[in-house]
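Chemist: Take the sequence shown: its position 112, counting from 1, is numbered 112 in UniProt numbering, and each next residue is one higher.
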Amino acid sequence: YSEQDVRVMFSSHGTIEECTVLRDNNGQSKGCAFVTFSTRQCAINAIKKMHHSQTMEGCSSPLVVKFADTQKEKDAKRLQQVTQNLWNVASANNLAALGPQYLARERDRGRESVSSANNLVTLGPQYLALLQQQMGSSTNSGATASSLSSQLGNLQQLPSLNNVSV
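1. Could you tell me if C19 is buried or exposed, where buried requires 16 or more neighbouring beta carbons within 10 angstroms of its beta carbon?
2. Looking at the secondary structure, which residues open and close the alpha helix (DSSP H) in which C42 lies?
3. Is it the case that the Cβ atoms of S53 and G14 are separated by a distance below 9 Å?
4. Can you check which of these residues, D75, I44, G31, is closest to S60 by C-alpha distance?
5. Would you check if the segment 78–86 and the segment 38–51 touch, i.e. whether three or more CB-CB distances between them fall below 8 Å?
6. Tell me which residue opens and which closes the beta strand (DSSP E) that F37 is part of.
7. Note the first and the last residue of the continuous alpha helix (DSSP H) segment covering E3.
8. Does V65 come out as helix, strand or coil in the three-state DSSP assignment?
9. Which one or two residues does DSSP pair with E18 in a beta bridge?
10. Roughly how many angstroms lie between the CA atoms of G27 and L79, to the nearest whole one?
11. Closer than 6 Å by C-beta to residue 195: which residues in its own chain qualify, once you throw out the five before and the five after it? Chain order, please.
12. Whole angstroms are fine: how far does the CA of R105 sit from the CA of V6?
13. Once the 5 residues before and after D24 are set aside, which same chain residues still bring their CB inside 8 Å of it?
14. So is A68 buried or exposed if we call it buried at 16+ other beta carbons inside 10 Å?
15. Go ahead and label F34 buried or exposed: buried means 16 or more other beta carbons lie within 10 angstroms of its beta carbon, across all protein chains shown.
16. In the DSSP output, what is R23 paired with across the bridge?
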């Protein structure tokens, strides 16, 4: 879909000031667009009328129309996703219950499943306790141990974790 297609879909709800379709590196639509209306009331009307009103061609889910997330909401969502992935990896390998000394000893002994989680050792017990406190127990593992280091990198970039000792 093009910006013009999106404008046509939403123009009946009010004056559109800006319309942007997100695209990948090849110029293909990512299936997401931002529409800025001239007034908040126009946006509310569009949300009420358009949210879940239709399923777009080539999509499996109905149209989602909502106010854009604030930066704080984006950070919170990202933190939750990264923390869940880390917790899933730790739970899958029983790392959270083992403690940093055991992890360090096993890493030094060359155990592959534990050595892939070297960064958990450097985070220390404060971070493991934070994971336990925030996430409780988890049963489904959506991440693998090999993705742990990239998840830690993402996590350390979040401004809301500046007070966590790493």
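Idealized CB from N, CA, C, for every residue including glycine.
Modeler: Taking the definition as stated:
1. As a first step, residue 19 is located in the sequence shown; it is residue number 19 there, counting from the start. So C19 ends up on the buried side.
2. Numbered from its first residue, the sequence shown carries residue 42 at position 42. First-last of the alpha helix (DSSP H) with C42: 40–50.
3. Residue numbering aside, residue 53 sits at position 53 when the sequence shown is read from its first letter. Residue numbering aside, residue 14 sits at position 14 when the sequence shown is read from its first letter. No, the pair does not count as a contact, with Cβ atoms beyond the cut-off.
4. Your numbering for residue 60 matches position 60 in the sequence shown. It is G31 whose Cα lies nearest to the Cα of S60.
5. no
6. Within the sequence shown, the letter at position 37 stands for residue 37. Looking at the DSSP string, the run of the beta strand (DSSP E) that includes F37 is 29–37.
7. What you label residue 3 is simply residue 3 of the sequence shown in a count that begins at 1. Taken as a continuous stretch (DSSP letters only), the alpha helix (DSSP H) holding E3 covers 3–10.
8. Translated into positions along the sequence shown, residue 65 becomes position 65. Of the three classes helix, strand and coil, the one that applies to V65 here is coil, per DSSP.
9. On the sequence shown, position 18 is the one that residue 18 refers to. In DSSP, E18 forms a bridge with T36.
10. For the purposes of this step, residue 27 is taken as the residue at position 27 of the sequence shown. For the purposes of this step, residue 79 is taken as the residue at position 79 of the sequence shown. Spanning the two alpha carbons is a distance of roughly 29 Å.
11. There is no way to answer for residue 195, as the model of the chain reaches only from 1 to 166.
12. Counting from one through the sequence shown, the residue named residue 6 turns up at place 6. Counting from one through the sequence shown, the residue named residue 105 turns up at place 105. Whole-angstrom Cα-Cα distance: 57 Å.
13. For the purposes of this step, residue 24 is taken as residue 24 along the sequence shown, with counting starting at 1. Answer for D24: K30, listed in chain order.
14. On the sequence shown, residue 68 is found 68 positions in, with the first residue counted as 1. Exposed.
15. The sequence position of residue 34 within the sequence shown is 34, counting from 1. It is exposed - the Cβ of F34 has fewer than 16 other Cβ atoms within 10 Å.
16. If you number the sequence shown from 1, residue 23 lands on position 23. Answer by DSSP bridge pairing, in chain order: S29.
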